[in-house]
Every structure is written in structure tokens, then in C-alpha cells.
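Peer 1: I have a structure I would like to understand better, so I am pasting it below and will then ask my questions one at a time.
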Ligand code: GLY
Ligand code: MN
Ligand code: MN
């Protein structure tokens, strides 16, 4: 494993949260993702499904997790089925999990090889009344590909037609949004690595540097700190490229006088960090850049203050919209008349700030979590307002990762220089 092994208690606690919300006498099944072929004998790097990771840490292809908390046999309450390993397989494919390793990782005692799956699963299923199947109910998901889990769901429905079926996703959306102390420790580590990456590139910035050179510096820092790399495709956008919200080419030269927008975060132990900063190529903000930057910073800080236990995310977003409206009025980018006549479904500020302010963060960058319940202690959100002015070649976003606490918040990524003064001072060193 690239990362230091996580505390298995993390997964024990996650499973407890999940199984406590199952109906009586039910089992739930989770599979690995497929390894996706590219062409010839090539394939993409393996990326484990976040639900089996969340519940077991089984970061290996072809794994199957079955949870059956009311199983009569204690040994069948939590079972992992794994790809078989032996000395010959180890020579060709490298080491796969042994029973002992997987217990140390997940805290799960019962492990079978995959060849035993149908027999053991049948014993479990005939003693269960209902089966929870997994899917993808993320509101923004657009999936055209059939997943390993989908094929498993089809197989189960064919073989166990008389069972009742339930969805695991509503439970996962309820519990994954609120992090445990152990999860927060891993997220702090992902944040620490990200902070190191930003401090490294701040020293590397100079007129004429290429966006991909900055990307390489981040990658270097992440890998030497046991991250497997970027938590998501990084955006390194100089000048007007910052106005393309999903600019991922990173292939332009950074010009004297421009700002560079970095939306870059490290993963660690499969948890993510998601940060945006804007830095001047030559180490000094111009007057206009400072003016717009400080407007975004005020909205960002105001939003962090609003993100407290009890607030509903829709109300929070509306309040941040009001803060942004005030700033855009002061900048003269929108008029009072436009605000008075705005369409509530697409307020005037949306012309310059067209994306959301916050999303849940966790194993997935756009993590699971409910929008219908009030914000609670332990939830982790990004806060990322921006102002985008293509006609001026200026696009600014500031993004930090915020843990909601009882009294307010913990900012995981605050140590990355953020005010104009902090940035200029750091770059001048
Ligand atoms: N980096 C993806 C996002 O900010 O949502
Ligand atoms: Mn981001
Ligand atoms: Mn984000």
C-alpha cells in the first residue's frame, strides 16, 4: 500500500453506522469496481469503488463485501470474498491480500476466496428476508457504463426472486456526509500534503513558467508524501484560462502580470482534498486583481462563517448569493436595477459566479451527503466562491475544506497562503 495503513477501527465504525440503519434480518452486498480496459492488453489504473472502501478498506479488485448483522452464525455477519492468492499468483500479479492482512486493514474476520462465493452467499441469502443492493444515486452522476455492482445486482435478482430488495444508497448518503474522528485524521493528512504542494509551487512560480511544469511540481510533492496523486484532474489555468471552469489542458505559458488559478488537491488513503488558490505569476497583484480578489475573499470568509450546525444547505447558498450580490454591486459589475428585476431561479450574480459554493467532501471529491437535513457537526464541505470576468481575462476562485464543529469550524487547508499580503510575502521570500 502506498499510504500508511489506516486504523481498522475507522471501517469498523463505518460499518456500525451502516448496519444500524438496515431493516431487520437483511443483508447488503458491495462489490469492487471493474478494471476498465483501454485497448490491446492495456487497462486504466484500478480505482476502487468508494462504498466498499468506506465500509471495509478493501482496496483491491474483484473484492465482495457482504454485511448481514442479524446472521445466526456470528462468522457470517461480516464477510469479505477476495481474489485468491498463492505463490504462483504472487509471482505474476504481485501480492494480493491475505486473510491476515485483510483483517488488519478492515477488522473483518471472515474471508473466503471468490471460488466460494456462490455457496457461502446462498447460505447467507436463504436466512435473510431482504437484500440491500447498491447503485449510484448521486444527483450529478451521469453513468453510461455497466459496473461490476450492476452485474451482481442482476445476478442476485435472477437467483433470489422471492426476496425483498432495498437500496443501500439512501443509508450511505445519510452516513457518509458526517465524518468520524478517524476519517477526519485521514482528511487532515490529505490536506497537509496538499499544503506542501502549494508551498512548493509558490516558490516555483515565475514569468514564463508553463502550467504543466507547475502540475509536475505538485505531483512530485504529492508522491514523495505517499499520496497516489491528484484527488481529481487538476486545473492550472493562467490568465483567461481561469474562465473555463473545467480547464484541464494545463498547457499554456504563464505570463508576467497574469494570475494563475490552481484547483488542485491530493488524495491520501483514498480520502480527498480540494483546494483553489489564485497567485500572481510575478509575485504581485495589480490594483484591479487585488480589488476582485478581495471581493471573492470576503464572500469566501463570510460563507465559512455561515456554515454552522443547523443551517440548511439551500438557505446557506442563498445567503452566500446575497453576499456575492453585494460585492458585484460594489465592483460595478451588476446594477441595482438588474438585481431588482432578477429571475429568482437565476439571480443577477450568476453572470459572474455560476457554480455552487459548497459540496460535501470525503472519499469522493463530490462526496455523498444529504441536502435535506440541517448541517451537523462532523460534516466536511468545500467553500469555493468565485468571480469570473472573461472580458478582463480575470477569473478568481478561493476554495478551502471546512469541517463543521459544534462551535463553528475547522479549516483543513487554511495554511495555504490566502490573503493578498500572505501570498505576496510568501512569494517574495
Ligand atoms: N475540484 C472540483 C471542485 O472544486 O468541485
Ligand atoms: Mn476544487
Ligand atoms: Mn470543490
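Residue numbers (our numbering): 562 to 990. Cβ coordinates follow ideal geometry from the N, Cα and C atoms, glycine included.
#1: Which partner residues of residue 956 appear in the DSSP bridge assignment?
#2: Quick check: what's the CA-CA separation for residue 888 versus residue 715?
#3: Pair every Cβ in the region 824-839 with every Cβ in the region 778-790, then say whether three or more of these pairs are closer than 8 Å.
#4: Pick out the complete beta strand (DSSP E) segments inside the region 764-816, 3 residues or longer, and give them in chain order.
#5: Beta carbon of residue 854: closer than 6 Å to some heavy atom of ligand 1?
#6: Output the residues surrounding ligand 3, defined as those with a CB atom closer than 6 Å to any ligand heavy atom, in chain order.
#7: Taking all protein chains shown into account, do 16 or more other C-beta atoms lie within 10 angstroms of the C-beta of residue 700, making it buried, or fewer, making it exposed?
#8: Are the beta-carbon atoms of residue 691 and residue 660 separated by less than 7 Å?
#9: CB residue 813 to CB residue 801, shorter than 7 Å?
#10: Can the beta-carbon of residue 964 be found less than 7 Å from the beta-carbon of residue 941?
#11: Excluding the five sequence neighbours on either side, which residues of its own chain have a C-beta within less than 6 Å of the C-beta of residue 976, listed in chain order?
#12: In this structure, what does DSSP give as the bridge partners for residue 972?
#13: Can you tell me which of 585, 807, 928 puts its alpha carbon nearest to the alpha carbon of residue 688?
#14: Once the 5 residues before and after residue 972 are set aside, which same chain residues still bring their CB inside 6 Å of it?
#15: Measuring from the CB of residue 808, is there a heavy atom of ligand 1 at a distance below 6 Å?
#16: Any heavy atom of ligand 1 inside 6 Å of the beta-carbon of residue 793?
#17: With hydrogens ignored, establish whether the beta-carbon of residue 824 is closer than 6 Å to any heavy atom of ligand 2.
#18: Strictly by DSSP, which residues pair up with residue 832?
#19: Cβ-heavy atom distance between residue 837 and ligand 2 below 6 Å?
#20: Just reading off the beta strand (DSSP E) that residue 691 is part of, what are its end residues?
#21: Considering only residues of the same chain and omitting the five flanking positions on each side of residue 837, which have a CB-CB separation below 7 Å?
#22: Hey, which unbroken runs of the beta strand (DSSP E) at 3 residues or more fall wholly within the region 655-700?
#23: Per DSSP, what are the beta-bridge partners of residue 588 in this structure?
#24: Whether or not the region 593-601 and the region 633-643 are in contact is what I'm after, with contact meaning three or more pairs of Cβ atoms, one per stretch, closer than 8 Å; do they touch?
#25: DSSP three-state label for residue 653, please.
#26: Can you tell me which of the three DSSP states residue 977 falls into?
#27: Rounded to a whole number of angstroms, what is the C-alpha to C-alpha distance between residue 733 and residue 744?
#28: Under three-state DSSP, which class holds residue 849?
#29: Which residues in the same chain as residue 903 place their Cβ atom closer than 6 Å to its Cβ, once the five residues preceding and following it in sequence are excluded?
#30: Buried or exposed, going by whether 16 or more other CB atoms sit within 10 Å of the CB of residue 566?
#31: In the DSSP output, which residue or residues are listed as bridge partners for residue 733?
#32: Please list, in chain order, all residues of the same chain as residue 839 whose beta carbon is under 6 Å from its beta carbon, the five residues on each side excluded.
#33: Buried or exposed: which applies to residue 704, given that a residue is buried once 16 or more other Cβ atoms fall within 10 Å of its Cβ?
#34: If you measure between the beta carbons of residue 624 and residue 593, is that distance less than 7 Å?
#35: Quick one: what does DSSP say residue 712 is sitting in, helix, strand or coil?
#36: Among the candidates 710, 684, 685, whose CA atom is the shortest distance from the CA of residue 696?
Peer 2: Inspection of the coordinates gives the following:
#1: Indexing the chain shown from 1 puts residue 956 at position 395. Its beta-bridge partners are 949.
#2: Here residue 888 refers to the residue found at position 327 of the chain shown. Here residue 715 refers to the residue found at position 154 of the chain shown. Roughly 53 Å separates the two Cα atoms.
#3: yes
#4: 796-799
#5: Locating residue 854 in the chain shown gives position 293, counting from the first residue. Outside the cutoff, so no.
#6: 835, 920, 943, 945, 960
#7: Along the chain shown, one-based indexing puts residue 700 at 139. Residue 700 comes out exposed.
#8: Taking the first residue of the chain shown as 1, we reach residue 691 at position 130. Taking the first residue of the chain shown as 1, we reach residue 660 at position 99. No, Cβ-Cβ distance for residue 691 and residue 660 is not below 7 Å.
#9: As a working note, residue 813 is residue 252 in the chain shown. As a working note, residue 801 is residue 240 in the chain shown. In this structure, residue 801 does not lie closer than 7 Å to residue 813 by Cβ.
#10: Position 403 of the chain shown, counted from the start, is the residue given in the question as residue 964. Position 380 of the chain shown, counted from the start, is the residue given in the question as residue 941. The answer is yes: Cβ separation under 7 Å.
#11: Residue numbering aside, residue 976 sits at position 415 when the chain shown is read from its first letter. Closer than 6 Å at the Cβ level, and outside the excluded window around residue 976, lie 756.
#12: In the chain shown, residue 972 corresponds to position 411, counting from 1. According to DSSP, which records beta bridges pairwise, residue 972 is partnered with 963.
#13: For this step, residue 688 is matched to residue 127 along the chain shown. Looking at the Cα atoms, 585 is the closest of the given residues.
#14: Start at 1 with the first residue of the chain shown, and residue 972 comes out as number 411. Within the same chain, residue 972 has close Cβ partners 961, 963.
#15: Working through the chain shown from its first residue, we reach residue 808 at position 247. Checking every heavy atom of ligand 1 against the Cβ of residue 808, none is found closer than 6 Å.
#16: If you number the chain shown from 1, residue 793 lands on position 232. At least one heavy atom of ligand 1 is nearer than 6 Å to the Cβ of residue 793, so yes.
#17: Within the chain shown, numbered from 1, the residue matching residue 824 stands at position 263. Residue 824 Cβ: within cutoff of ligand 2.
#18: Walking along the chain shown from the start, residue 832 turns up at place 271. In DSSP, residue 832 forms a bridge with 829.
#19: Sequence index remark: in the chain shown, residue 837 carries index 276 (1-based). Yes, since a heavy atom of ligand 2 falls inside the 6 Å radius drawn around the Cβ of residue 837.
#20: Position 130 of the chain shown, counting from 1, holds the residue named residue 691. First-last of the beta strand (DSSP E) with residue 691: 691-694.
#21: What you label residue 837 is simply residue 276 of the chain shown in a count that begins at 1. Around residue 837: 822, 823, 824, 945, 958, 959, 960.
#22: 671-674, 691-694
#23: Against the chain shown, residue 588 aligns to sequence position 27. Per DSSP, 692.
#24: no
#25: The count along the chain shown starts at 1 and reaches residue 653 at position 92. Here residue 653 sits in helix by DSSP.
#26: Within the chain shown, residue 977 is the residue found at index 416, counting from 1. Coil at residue 977, not helix or strand.
#27: Locating residue 733 in the chain shown gives position 172, where the first residue counts as 1. Locating residue 744 in the chain shown gives position 183, where the first residue counts as 1. Roughly 15 Å separates the two Cα atoms.
#28: Here residue 849 is taken as the residue at index 288 of the chain shown, counted from 1. Helix.
#29: On the chain shown, position 342 is the one that residue 903 refers to. 909, listed in sequence order.
#30: The residue you call residue 566 lines up with position 5 of the chain shown. Label assigned to residue 566: exposed.
#31: The sequence position of residue 733 within the chain shown is 172, counting from 1. Per DSSP, none; premise fails for residue 733.
#32: Counting from one through the chain shown, the residue named residue 839 turns up at place 278. The answer, listed in chain order, is 820, 822, 957.
#33: Walking along the chain shown from the start, residue 704 turns up at place 143. By the 10 Å Cβ count, residue 704 comes out exposed.
#34: Mapped onto the chain shown, residue 624 falls at position 63. Mapped onto the chain shown, residue 593 falls at position 32. Cβ distance < 7 Å, so residue 624 and residue 593 count as in contact.
#35: Here residue 712 is taken as the residue at index 151 of the chain shown, counted from 1. Helix.
#36: As a position in the chain shown, residue 696 is number 135, starting the count at 1. Here the closest residue by C-alpha is 710.
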